Each structure stands twice: as structure tokens, then as C-alpha cells.
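Heads up: the structure comes next, in C-alpha cells.
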Amino acid sequence: MNSQKQGSGSEHKKVRLISVPFWLGSGRAGTELGPESIIKAGLVRKIRSMDIHLESEHEVDCPIKPFSQGTPSKIKYLPEVMEMSGLVGEQVYRAAINDSFPLILGGDHSVAIGSLAGLTGHYNNLGVIWFDAHGDLNTEETTPSGNLHGMALAVAIGKSNFKLTDIPGAGSLIKKENIVIVGARDLDPGERELIRSEGITVFSMHEIDRMGIETVVKKAIEIAGNGTDGIHLSFDMDCLDPQEAAGVGTPVPGGLNYREAHFALELLSESQRVTSMDIVEVNPLLDYDRRTARLAVELASSLLGKRIL
Numbered sequence: 000m001n002s003q004k005q006g007s008g009s010e011h012k013k014v015r016l017i018s019v020p021f022w023l024g025s026g027r028a029g030t031e032l033g034p035e036s037i038i039k040a041g042l043v044r045k046i047r048s049m050d051i052h053l054e055s056e057h058e059v060d061c062p063i064k065p066f067s068q069g070t071p072s073k074i075k076y077l078p079e080v081m082e083m084s085g086l087v088g089e090q091v092y093r094a095a096i097n098d099s100f101p102l103i104l105g106g107d108h109s110v111a112i113g114s115l116a117g118l119t120g121h122y123n124n125l126g127v128i129w130f131d132a133h134g135d136l137n138t139e140e141t142t143p144s145g146n147l148h149g150m151a152l153a154v155a156i157g158k159s160n161f162k163l164t165d166i167p168g169a170g171s172l173i174k175k176e177n178i179v180i181v182g183a184r185d186l187d188p189g190e191r192e193l194i195r196s197e198g199i200t201v202f203s204m205h206e207i208d209r210m211g212i213e214t215v216v217k218k219a220i221e222i223a224g225n226g227t228d229g230i231h232l233s234f235d236m237d238c239l240d241p242q243e244a245a246g247v248g249t250p251v252p253g254g255l256n257y258r259e260a261h262f263a264l265e266l267l268s269e270s271q272r273v274t275s276m277d278i279v280e281v282n283p284l285l286d287y288d289r290r291t292a293r294l295a296v297e298l299a300s301s302l303l304g305k306r307i308l
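When you line the sequence shown up against numbering that gives the first Met the number 0, it's residues 0 to 308, in that order.
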């Protein structure tokens, strides 16, 4: 891999849609239905209405059941997550080398391990903007649940035993200096310690309230884009307030509201720096009238360039 090319940003006119029906990283069934729910909510129709070429649609044939009961382990379903990540990474890499915008639909947030594996095979120095209520920076030693969706960023920066570079085809680890977490409001003690010790940039809801979403997003772009040749946007729907997006597995009160989320993605689109996106953690079993899935469609559309006028 590593046939890097400077990304042309979010105003792509060619998109590859990659569905990843996976739930084993969260330990709670339902997110495997998220990609289908988002598509049924009108994503394909919306993309085509925006004069964007939908180059292809691909559903990753990832594990949907545990391989075996196996021996008890603190980290749940590691072989299954590694298998999924390799398959996702291959599809994301193919999109990137074809100068398509990879739009990855999860699945739980462990799907982003695969997204990053494929992208680092193409980009030499990738920045990451991570919208999430949680830090996803737990390690094997600090995780309270053993679920890998809460470890994805630690895997990406090499702070866990399981590292991004363990995925076939992955390039280098993500530099902590080019990672920005936005919307955090539920951090475990081990995550707080890691954030402080490593100097990882986090704009919690406190900073968003104090500074405003425009300032936060502009600073996030500056940090994630500093010396990088692409920026990946990883958007966990639980960054939104549950009143906006109830259909997620781990809702936390006090998140982004509707307009803050849209404005954030409009600003990211205008920057023309975002070269890929994943949308994760939509759980239709917890959704009402596909409201969360429809919101995911709207937000993806804002990132891809949809405007009021």
C-alpha cells in the first residue's frame, strides 16, 4: 500500500459506500442493522440527488456471530474484530487509491479500526477528527467492559496491546498530535489519564458550550490537518444528544444538538480537507421511526456538500 495522494477534501464527486454490519465490538446486538437502516432512510437517493457519482456500494462480509465460545478473555471478540478490520481496510484502501471518497457505514465504532487500517495504507500521515460522547481510549488494562468499540483510538495510536499495525495492509499508527476528539462527556478514569499524559486534544461539551461549535471545528481542522495528507472524520451518532438521536447503544445526555451537528459538518465540508468518513453506532432496535438513521443521512449529506441554498 502507501501509494499516497493528497486528498481533495469533502467536495468529492465520487463516493464509494461501504456497509459494515458488525456489532461484536460493542457486545450489544443491533448496530449490525445500522447500515441497512441508514440506506433505507434514503442515503443512496440523497447522494445521487447531489450530483455525486456513487461509484459503488459494497457490503463487507464480516463476522456476524462469535467464532467460538473460546476461553474467557477480558477483551471480547478480538479475533472477530481483527477479521472485520482487515476486510474493511481492504475496501477502504481500494476506494482511496481510486480517488473515491470512502463513506463507511457501521456497525459499532470498532469498525473505525478497519477504516483507519485501510486509510493508513494509502496516506502517509493521516489526521483524525473523532466525534464521540466517549474517548474510545481504553486499553486492555483500563477497559471496564472489554468491548473493543471503547478501545478504537487506543488501538489507532498504539497504546493498547492490539495495535492498528496488526491489521494486514495497515500503514503507520496515527500520530496523537493529529487526533482531535469532539463532543466527549463520558470518559473513564484510564482514558482521562491517557489524554493528559499523551496530550491528546479533546474538545468536550464544556469547551463547545464555552467556545462555540464554529471555533471548536476550526481548531479541530487546524490540528488534524497540521502536516497531514488526509483527514478522516469518524462520527459516532452518540455524540448527539439523545433527544436528537435516541437510536444508539450508549446514549449520554448533554450532547450536540441538531444545528450544532449540521453546522460542524458544513464547516468540515467547506474546509475541503476531509477525505473519508465513517458513521457508526446507529442501532435500529433502539430507534424510533428510523429517526436516528434519517439524521445520519442528513449529516452525511452536509459533509458531502449539501447546503440550504
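Think of the CB as a built atom: it goes at the ideal place given N, C-alpha and C, for glycine as much as any other residue.
Since the structure is predicted, the reported quantities are computational estimates derived from the model, not experimental observations.
Taking the C-beta atoms as reference points, Ile63 is found no nearer than 8 Å to Gly145.
Fully contained in the stretch 168-206 are the following beta strand (DSSP E) runs of length 3 or more, in chain order: 178-183 and 200-203.
Around the beta carbon of His52, fewer than 16 other beta carbons lie within 10 angstroms, which makes this residue exposed. If you draw a straight line from the Cα of Ile38 to the Cα of Leu32, it is about 10 Å long. For Asp286, the closest alpha carbon among the candidates Asp228, Ser300 and Thr249 is that of Thr249. Closest in C-alpha terms to Asp288, from the list Leu298, Ile194, Ala244 and Ala94, comes Ala244. Closest in alpha carbon position to His205, among Arg44, Ser196, Ser114 and Ala183, is Ala183. For Gln242, the number of other beta carbons within 10 angstroms of its own is below 16, and it is reported as exposed.
The residues Asp185, in chain order, have a CB closer than 6 Å to that of His133 in the same chain once the five nearest residues on each side in sequence are set aside.
By the C-beta criterion, the stretch 252-264 is judged not to be in contact with the stretch 147-156, since fewer than 3 inter-stretch pairs fall below 8 Å. Taken atom to atom, the span from the alpha-carbon of Asn282 to that of Cys238 is near 14 Å. A direct Cα-Cα distance of roughly 14 Å separates Leu303 from Leu104. Distances from the CA of Gly24 to each of Gly41, Glu82, Ser48 and Asp50 were compared; the closest alpha carbon is that of Glu82. With fewer than three CB-CB distances shorter than 8 Å, the stretch 120-131 does not count as touching the stretch 43-60.
Residue pairing by DSSP puts Arg15 in a beta bridge opposite Ser55 and Pro101. When beta bridges are read from the DSSP output, Val279 appears opposite Asp235. In the three-state reduction of the DSSP assignment, Val273 falls in the strand class, which pools E and B. Contact between Val154 and Ser114 fails: their C-beta atoms lie close to 12 Å from each other, not under 8 Å. The continuous beta strand (DSSP E) containing Gly126 extends over residues Leu125 to Phe130.
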